[in-house]
Amino acid sequence: MSDYTGAMMMTQVETTVHYDNGYEYDYMMQEDEWDRDMLLDPAWEQQQRKTFTAWCNSHLRKAGTQIENIEEDFRNGLKLMLLLEVISGERLPKPDRGKMRFHKIANVNKALDFITSKGVKLVSIGAEEIVDGNVKMTLGMIWTIILRFAIQDISVEETSAKEGLLLWCQRKTAPYRNVNVQNFHVSWKDGLAFCALIHRHRPDLLDYSKLNKDDPLGNLNLAFDIAEKHLDIPKMLDAEDIINTPKPDERAIMTYVSCFYHAFAGAEQAETAANRICKVLGVNQENEKLMEEYERLASELLEWIRRTTPWLENRTPEKTMSEMQRKLEDFRDYRRQHKPPKVQEKCQLEINFNTLQTKLRISNRPAFMPSEGKMVSDIASAWQGLEQAEKGYEEWLLTEIRRLERLDHLAEKFRQKATNHENWASGKELLLSQKDYETATLTEIRALLRKHEAFESDLAAHQDRVEQIAAIAQELNELDYHDVASVNKRCQSICDLWDKLGTLTQKRREALERTDKLLETIDQLFLEFAKRSAPFNNWMEGAMEDLQDMFIVHTIEEVQSLLAAHEQFKATLPEADAERQAIMGINNEVLKISQSYGIKASIINPYSTITIEELLNKWEKVKQLVPQRDGSLQEEMARQHTHERLRRQFAAQANLIGPWIQTRMEEIGRCSLEIGGTLEDQMTQLKQCEHVIVAYKPNIDKLEGDHQLIQESLVFDNKHTNYTMEHIRVGWELLLTTIARTINEIETQILTRDAKGISQQQMSEFRSSFNHFDRKKNGAMETDDFRACLISMGYDLGEVEFARIMLLVDPSATGRVSFQSFVDFMTRETADTDTAEQVVASFRILAADKPYILVEELRRELPPEQAEYCIKRMPPYAGPGAPPGALDYTAFSTALYGEIMPSISGAPGAPPCPILPMPRRQIPFVMITFYENNVLYSHEIGGITFAHEANTCG
175 MSDYTGAMMM
185 TQVETTVHYD
195 NGYEYDYMMQ
205 EDEWDRDMLL
215 DPAWEQQQRK
225 TFTAWCNSHL
235 RKAGTQIENI
245 EEDFRNGLKL
255 MLLLEVISGE
265 RLPKPDRGKM
275 RFHKIANVNK
285 ALDFITSKGV
295 KLVSIGAEEI
305 VDGNVKMTLG
315 MIWTIILRFA
325 IQDISVEETS
335 AKEGLLLWCQ
345 RKTAPYRNVN
355 VQNFHVSWKD
365 GLAFCALIHR
375 HRPDLLDYSK
385 LNKDDPLGNL
395 NLAFDIAEKH
405 LDIPKMLDAE
415 DIINTPKPDE
425 RAIMTYVSCF
435 YHAFAGAEQA
445 ETAANRICKV
455 LGVNQENEKL
465 MEEYERLASE
475 LLEWIRRTTP
485 WLENRTPEKT
495 MSEMQRKLED
505 FRDYRRQHKP
515 PKVQEKCQLE
525 INFNTLQTKL
535 RISNRPAFMP
545 SEGKMVSDIA
555 SAWQGLEQAE
565 KGYEEWLLTE
575 IRRLERLDHL
585 AEKFRQKATN
595 HENWASGKEL
605 LLSQKDYETA
615 TLTEIRALLR
625 KHEAFESDLA
635 AHQDRVEQIA
645 AIAQELNELD
655 YHDVASVNKR
665 CQSICDLWDK
675 LGTLTQKRRE
685 ALERTDKLLE
695 TIDQLFLEFA
705 KRSAPFNNWM
715 EGAMEDLQDM
725 FIVHTIEEVQ
735 SLLAAHEQFK
745 ATLPEADAER
755 QAIMGINNEV
765 LKISQSYGIK
775 ASIINPYSTI
785 TIEELLNKWE
795 KVKQLVPQRD
805 GSLQEEMARQ
815 HTHERLRRQF
825 AAQANLIGPW
835 IQTRMEEIGR
845 CSLEIGGTLE
855 DQMTQLKQCE
865 HVIVAYKPNI
875 DKLEGDHQLI
885 QESLVFDNKH
895 TNYTMEHIRV
905 GWELLLTTIA
915 RTINEIETQI
925 LTRDAKGISQ
935 QQMSEFRSSF
945 NHFDRKKNGA
955 METDDFRACL
965 ISMGYDLGEV
975 EFARIMLLVD
985 PSATGRVSFQ
995 SFVDFMTRET
1005 ADTDTAEQVV
1015 ASFRILAADK
1025 PYILVEELRR
1035 ELPPEQAEYC
1045 IKRMPPYAGP
1055 GAPPGALDYT
1065 AFSTALYGEI
1075 MPSISGAPGA
1085 PPCPILPMPR
1095 RQIPFVMITF
1105 YENNVLYSHE
1115 IGGITFAHEA
1125 NTCG
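Quick note on this note's numbering: the sequence shown kicks off at 175 and runs consecutively.
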């Protein structure tokens, strides 16, 4: 099969043609009245006979036959059917072998029916005229066949048939001198146009510079001889006929020139195929670079999150307040310096991912699937885990600081109480262990007994203090105080001594009571003094301890409570002063008795170690501590007022910033849903909104400063506002992310609109339809809303068709259709993009119809970079009969688009034929206009569906 016939078999277009007088056609306009007047010129008829005969023989010789007389040899219809089988590659019905007239008419009708089945409507051409040898009708029928199978499929830059062939000739001969192709008659008379076509494609066959415009006969014969000898184009024209005819026959010239087009079409197809492959590979290489960049950025961000999260999840407490404060400062540095750049990186990564997916959709490539663990959802999940750990870490820090603050307070309180108790208990063991009663007089024994009773009273009074010390030590153990070992040791020492004192006290009482039976006189006054002075002394010690006690408060109300308790204490001072005077009265009475009985002033009360001077000193100490306590509480009241001012200052700003952020979020939402303006207008509004947001950043920073002052002052609550700094931070980060994502969505819509050729009005209609059916106004249509939207636009939806559409717009089966998916679906219904089938067809041209392609063919037809790219990625061909190194271009092309290319068997010996998609568009109405006998006719054709036919595919 010749290149021409092969090209004809690969052509897959169905059209409809009307003829006037059997061979005029609607898309080839009558040039002028002069053409119609010369239609039956004998010279033209003679040229058509020669040209059409030669053209038919060029195809019939493939079947081993030929014709001599065009109107006679086609009369029985046999060679006419054979000619149609050769040029179409299809089998016609079995011909009738009889020689009767009706047999011939039947064969001719089979041929005419086959021509009609190819979309050609024959007018006024009947089988009887062909059987009767009507020259006019026979030439018209052959011209119809030539138009359908040799000229109709010629297409150059959106022009076809005659116009396409003429444009091809003009483009190819434009650089040559003395050649100006404007038609298919007089422009070819000097032969230079034929020579220019040959030289343009095969400069080795002739030297154009040596041709002479004044030698048309030599030029024509040279072109005809070279075409016949080297290009396998039979000699269809006579140079003398062309020169001697004022206007050569246009159909004869077109028929002959179409043979040149088909002879040279293979080289042009290879060039076009190579350009298409370069374009496809260029897009693929660019997308691969974007994918690699996404993988790198995602890996870096995930690695940072992986390193940071364990630090935030570490809950190992420090032992001192200073170390925990340092941890808090490190956390603030993370919030201010380390996290904000990563927030920007995360936002930019999402924008890059959306842009890449949009480019892949526009170029009809499969969606990008990042490596495992690097999806946008994976990054969002890791980021959410980071923020959760971050929130818990801050709460833990503040809790730990409060705990350490309380621990320090309890430890100091423990030390004070332990020191007081140890001071009190110092020497008590020695005192209880001595045996002074053995040499004492009765009075001294009585004194020792009373003294011991006073000690027991004192011991009982200290029981509460010991229990308090033990309780504080227990609480320090429960709160995990860092120096709990020394606390426990000291507490244990106090408890052991206390137990020992109890035992010694009991033993001494027993000894004194035994001695008491021998002694009868007891000094009641000293005993009374001891009994009253001991509780009073204990009360004063307790009062001094309370007045010097440390306190920690967080509110003005708590300070006011301490002030009220202090006022109550001061109210008891008159009663205590009366007790002091009573005790002094006892002492004075002792002195009086001592003087009366001649007792010296140096006499010591045997019942008590407390002296009147000690009581007076402690009383003076209590009176000094009361105003000091007043001053401490007033200072604390002033500090709490300062804290209240900080709370109010923070609340005033937070109550303004919080609603401002919410207002900006609502503005962004309204802007993204507007349909009144263009996408560029929406982009301008969003950019202005972004500028306002960026300019507002100093207010956030100032609020951060106030928040830091509050935390440094250890203020942990604020009743004047419901906004915390965490709320403001989250809102601010969400606002930044939302404005960036919304701008990216508008940019994606602009990119989709420009790439798919969508007008602003169409985009506005898409938005209007989407907003109308987005009943919940949440930026996505439910499944039922989307079905209603399609029905409103005229779609006749069955369940299977609707399921197919939902698979396109909602591949994740979420039950929601986003606006971007809606726009992609609407544009995909009309946009034409590169497909895997087109790339496979282009490779097949480069491979000369082989199912495989060789390395040297790739390097010869493609630029070096694209050739090496294909060689590196194209898998070996596994089919039978392939030479070593053969590559499978079909598998490579389908892999580019993420498709599986099915194939079916074609005609015997034909390569596998890909199943091509069938466009769903229909032309609802076509008006065909033509002339017949100088009368204008028109015909209406409706519902014509364009499809593809594969002659080799069955």
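Note that beta-carbon positions come from the ideal geometry of N, C-alpha and C, so glycine has one too. Just so you know, these numbers come straight off a predicted model, no measurement behind them.
Alpha helix (DSSP H) segment containing R577, residue limits: 550 to 599
Who are the Cβ neighbours of F288 in its own chain at under 7 Å, not counting the five residues just before and after it? So the list reads L258, L266, once near-sequence residues are dropped.
Quickly, what does DSSP pair L1061 with across the bridge? List them, please. I1027, P1050
Give me, in chain order, the residues of the same chain whose beta-carbon lies closer than 7 Å to that of K520; leave out the 5 immediate sequence neighbours on both sides. L475, I553, W557
Would a C-beta distance cut-off of 8 Å place T926 and N829 closer than the cut-off? no
Residue(s) in a DSSP beta bridge with E956: R990
Is T1001 closer than 8 Å to M980 when the C-beta atoms are compared? no
In whole angstroms, what separates the C-alpha of Q994 from that of I525? 14 Å
Of the listed residues A708, D670, T617, I965, nearest to A628 (C-alpha basis): A708
Run through the stretch 465 to 526 for me and flag every whole alpha helix (DSSP H) of 4 or more residues, listed as ranges in chain order. With a minimum length of 4 residues, the continuous alpha helix (DSSP H) runs that stay inside the stretch 465 to 526 are 495 to 507.
Since L706 and A647 are thought to touch, with beta carbons under 8 Å apart, how far apart are those beta carbons, to the nearest angstrom? Per the sequence presented here, residue 706 reads as Arg, with Leu not at that position. The pair is not a contact, with the Cβ atoms about 33 Å apart (cut-off 8 Å).
R576: which of Q885, Q935, K591 sits nearest, CA to CA? Q885
First and last residue of the alpha helix (DSSP H) that includes N872? The identity of residue 872 in the sequence shown is Pro, whereas the question assumes Asn. 871 to 886 is the extent of the alpha helix (DSSP H) around P872.
Burial state of G251, where buried means 16 or more other Cβ atoms lie within 10 Å: buried
Spatial neighbours of L675 within its chain, please: CB distance less than 8 Å, with the 5 preceding and 5 following residues excluded, ordered by chain position. Sequence-distant Cβ neighbours of L675 in its own chain, meaning closer than 8 Å and more than five residues away, are A599, K602, E603, L606, L633.
Taking just the CA atoms, how far does M498 sit from V889? 16 Å
Let's see if you can read the secondary structure: which residues bound the alpha helix (DSSP H) around M937? Its alpha helix (DSSP H) spans residues 934 to 947.
Proximity of I316 and F226 at Cβ, strictly below 8 Å: Yes, the pair counts as a contact, with Cβ atoms nearer than the cut-off.
Selection from Q859, L405, I965, V974 that minimises the alpha carbon distance to F438: L405
Rounded to whole angstroms, what's the CA-CA distance from E794 to R803? Just pull it up for me. 15 Å
Among A962, R961, E975, I831, which one has its Cα closest to the Cα of G905? Looking from the CA of G905, the closest CA among A962, R961, E975, I831 belongs to I831.
Just curious, the alpha helix (DSSP H) that W713 is in, first and last residue? 698 to 721
Using the three-state DSSP reduction, which class does P748 fall into: helix, strand or coil? helix
Length of the line joining the Cα atoms of R223 and F358: 17 Å
Between H656, L296, T916, V1014, which has its C-alpha nearest R450's C-alpha? Taking the Cα of R450 as reference, the smallest distance to any Cα among H656, L296, T916, V1014 is reached at V1014.
Is it the case that the Cβ atoms of E469 and S545 are separated by a distance below 8 Å? yes
When we look at the beta-carbon of V974 and count the other beta-carbons within 10 Å, is it buried (16 or more) or exposed? exposed
Should A413 and L394 be called a contact, given that it needs their Cβ atoms to be closer than 8 Å? Yes; because the gap between Cβ atoms is below 8 Å, this pair is in contact.
Put M410 into one of helix, strand or coil per three-state DSSP. M410 carries a coil assignment under DSSP once its states are collapsed to helix, strand and coil.
How long is the line joining the alpha carbons of F960 and R844, rounded to whole angstroms? 22 Å
Collapsed DSSP secondary structure at L1036 in the structure displayed: Note: L1036 maps to coil in three-state DSSP.
Under 8 Å, with one C-beta from each stretch per pair, do the stretch 471 to 491 and the stretch 1058 to 1071 reach the 3-pair mark? no
Three-state secondary structure (DSSP) at K346? helix
DSSP-derived helix/strand/coil call for M758: helix
Tell me the rounded alpha-carbon separation between E462 and L455. 10 Å
Could you tell me whether the stretch 853 to 862 touches the stretch 914 to 924, where touching means 3 or more Cβ pairs closer than 8 Å? Proximity of the stretch 853 to 862 to the stretch 914 to 924 meets the contact definition, three or more beta-carbon pairs being nearer than 8 Å.
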